[in-house]
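First the structure, in the form of structure tokens, and then the observations on it.
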Amino acid sequence: MKQSPPSARTTLRRMPQRGHYDTASIAAIVDATLICQIAFHDGDSVHCLPTACWRIGDDLYIHGANNSRLTRTLLEVESAVCIAHVDGLVLARSAFHHSMNFRSVVIYGRFTAVDQVAEKQAALTAFVEHVSPGRSAQVRPANAGELSGTRVLRLSLAEAAAKIRNWGVEDDPDDLGLPVWAGVVPIHTVAGSAQAAEHCAERPLPAIPNFILSAAAKPS
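Here is the structure:
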């Protein structure tokens, strides 16, 4: 992924020490999500909508119906995309210093359409692989009708910034003697037990993304 210097929109002004503009940090945060929030103005009002997303190379991808307001409007206006992960509750000795450990990315730009059929099919295959690695080889691919009714959009990651907090409590020295627990409570996304559809109980279980913990690996 080509790295660009921060723009006026991506430069962090509040707590700039938490800012990361390197492509590896941005890609890692994008790759560890299943969903993003997209903010845009359609000419009448401001909207912020959630949708599934995935990354291929230097671009963030989303998909939706051809006639959806979201996919139609995103081709006409600029948008801001946010992805955020909460990694821990930072519980301080004072109410003021409570915080959270997190990783977030904000991306600015305008989406473009993926119109070439083979490229669209490849993008949707990458989406299935992001959701469940190896599954695209097991299931029926989208047919011509499904492909024609689906719009795939991509957004360059060239104008993006990450913000990360990954450390412990920052209490005032005068509060260190207070008789209260302080520290970090880690938070993880964990997959529960798979619930089989009818006639599928004996089939092999699907793989889950490596950024999601299985129930068996859930930390105590």
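For the numbering used here, count along the sequence shown from 1 and bump the result up by 81. From the three backbone atoms N, C-alpha and C, an ideal C-beta is built for every residue, glycine too.
State the DSSP-derived secondary structure class of Q118, mapped to helix, strand or coil. Q118: strand per DSSP, three-state reduction.
How big is the Cα-Cα spacing for V233 and Q202? Cα to Cα, the separation comes out at about 9 angstroms.
What separation, rounded to the nearest whole angstrom, lies between the Cα atoms of F192 and T114? So the alpha carbons of these two residues sit roughly 19 angstroms apart.
Buried or exposed for S140, please, with buried defined as at least 16 other CB atoms from any protein chain shown within 10 angstroms of its CB. For the sequence presented, residue 140 should be read as Asp rather than Ser. Buried.
Contact set for I293: own chain, Cβ-Cβ below 6 angstroms, skip 5 residues either direction: So the qualifying residues of the chain are T270, A272.
With three or more beta-carbon pairs closer than 8 angstroms as the criterion, would you say the segment 242 to 255 touches the segment 96 to 111? Because the criterion of three Cβ pairs below 8 angstroms is met, the segment 242 to 255 and the segment 96 to 111 touch.
Just to confirm before moving on: does the CB-CB distance between S213 and A288 stay below 7 angstroms? Contact: yes.
Would you call S237 buried or exposed, if buried means 16 or more other Cβ atoms sit within 10 Å of its Cβ? By the neighbour-count rule (16 or more Cβ atoms within 10 Å), S237 is buried.
So, using beta-carbon positions, are V158 and I188 closer together than 7 angstroms? Between V158 and I188, the C-beta gap is not smaller than 7 angstroms, which leaves the two residues out of contact.
Name the residue from P260, N224, G124, C117 whose alpha carbon lies nearest to the alpha carbon of I143. The candidate whose alpha carbon is nearest that of I143 is C117.
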